[in-house]
Amino acid sequence: MPFSRYLFFPTKQRPGQCLNLLQRLGPSKRVQSSCFSKSTSQNHWKRPVPQVEVELWAPRFFVIPAAVLGFVGLAAFVHYNDERRAVPKGQGSDSVNVKGPIIGGPFTLVNTENKVVTEKDFLGNWVLLYFGYTFSPDVGPEQLKLITKALNTLESKENLKVLPVFVTLDPQRDNPPHLCAYLEEFESRIVGLTGPVGAIRQMAQEYRVYFRKVEEEGDDYLVETSHNMYLINPNMEVVKCFGVEYNAEELSEAIGKELKRTSS
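Next up, the structure:
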């Protein structure tokens with residue numbers, strides 16, 4: 207056992223003197239001192255008993271805990287300030303009401319009499335707007351029949367009037383005279399609108415209407431479209447959209463319910 211680790215002193219050396227001697231010897235990693243004492247009742251030496259145990263810690267043992275505590279304190283401070291700056295949702299002074307996408311917009315087209323028509327010409331009327339084309343083989347005619355029956359039922363039973371408007375998605379073939387003759391087969395009150403290709407495309411985009419040409423064979427082609435119908439209030443604002451899943455009775459009830467809810 208190395209001498210520098212344990213030091214033994216005779217019994218005549220007092221404990222206080224042992225400690226002073228350890229201090230003079232300088233620091234070590236671990237120092238343990240023991241003293242012998244002579245018994246007053248028996249004339250023999252006692253076994254060495256540990257008296258003082260001193261363990262010195264180098265400063266490096268405190269560096270890591272101090273760094274950890276400092277980081278934790280900084281994180282807590284930043285989090286506290288973030289919480290103070292945070293504004294609960296809906297309580298900010300500059301809160302903005304977020305609405306869904308806007309459907310509809312201004313347009314300039316021509317009717318079956320070749321007169322210019324804009325959205326302002328329909329102000330003050332409830333309008334059921336339908337996008338289609340006259341060469342549609344099946345869905346288009348069925349939807350026009352459905353619209354005519356639903357609006358006639360609504361007027362006869364509820365005395366509520368809605369103006370039907372048909373916008374063609376095929377202006378190359380649906381000119382004003384052709385469009386007029388086609389709509390006369392279903393209902394004379396239906397307002398037909400056509401116009402330049404660019405104007406039709408712009409209106410379709412504003413009303414979120416999908417359409418494209420398919421199965422082209424020369425001048426003969428079909429137009430794939432979503433066949434949307436829009437109920438528009440007297441301020442020319444879209445209030446409801448209808449798809450092909452409605453029958454005439456359901457469409458009439460849905461339109462009537464919307465008109466009553468708005469007017470009440």
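All residue numbers for the sequence shown refer to my numbering, where the first residue is 207 and numbers rise by one.
We put the CB at the ideal spot given by N, CA and C, even for glycine.
Residue i CB to nearest heavy atom of the ligand NAD below 7 Å
{"i": "Glu464", "result": "Questions concerning the ligand NAD fall outside what the structure shown contains, since it holds no ligand whatsoever."}
Alpha-carbon spacing of residue i relative to residue j, whole angstroms
{"i": "Glu430", "j": "Ser362", "result": "34 Å"}
{"i": "Lys466", "j": "Ala460", "result": "10 Å"}
{"i": "Gly404", "j": "Ala410", "result": "10 Å"}
{"i": "Thr354", "j": "Glu390", "result": "12 Å"}
{"i": "Asp344", "j": "Ala387", "result": "18 Å"}
{"i": "Leu334", "j": "Gly401", "result": "19 Å"}
{"i": "Ser432", "j": "Ile396", "result": "20 Å"}
{"i": "Gly359", "j": "Glu464", "result": "Reading off the sequence, residue 359 comes out as Thr, not Gly. Each residue's alpha carbon lies about 15 Å from the other."}
{"i": "Lys446", "j": "Asp376", "result": "24 Å"}
{"i": "Val368", "j": "Pro312", "result": "20 Å"}
Helix, strand or coil at residue i [DSSP, three-state]
{"i": "Leu428", "result": "strand"}
{"i": "Gly346", "result": "helix"}
{"i": "Glu422", "result": "strand"}
{"i": "Phe328", "result": "helix"}
{"i": "Gly310", "result": "coil"}
{"i": "Thr468", "result": "helix"}
{"i": "Tyr452", "result": "coil"}
{"i": "Arg379", "result": "coil"}
{"i": "Arg407", "result": "helix"}
{"i": "Asn365", "result": "coil"}
Residues of its chain near residue i, where Cβ-Cβ distance is below 8 Å and the 5 sequence neighbours each way are ignored
{"i": "Glu421", "result": "Tyr427 and Leu428"}
Residues sharing a beta bridge with residue i, DSSP
{"i": "Ile438", "result": "Val333 and Val444"}
{"i": "Val316", "result": "Val322 and Thr400"}
{"i": "Pro370", "result": "Leu334"}
{"i": "Phe417", "result": "Thr431"}
Buried/exposed call for residue i, threshold 16 Cβ in 10 Å
{"i": "Gly338", "result": "buried"}
{"i": "Gly298", "result": "Note on Gly298: pLDDT 38, under 50, position unreliable in the model; the coordinate value appears next. Exposed, because fewer than 16 other Cβ atoms sit within 10 Å of the Cβ of Gly298."}
{"i": "Gln378", "result": "exposed"}
{"i": "Ser469", "result": "exposed"}
{"i": "Tyr436", "result": "buried"}
{"i": "Val322", "result": "exposed"}
Same chain only: Cβ atoms within 6 Å of residue i, ignoring 5 sequence neighbours per side
{"i": "Tyr452", "result": "none"}
{"i": "Arg418", "result": "Glu430"}
{"i": "Glu364", "result": "Gly462"}
{"i": "Ala356", "result": "Ala454, Leu457 and Ser458"}
Same chain only: Cβ atoms within 7 Å of residue i, ignoring 5 sequence neighbours per side
{"i": "His384", "result": "Thr340"}
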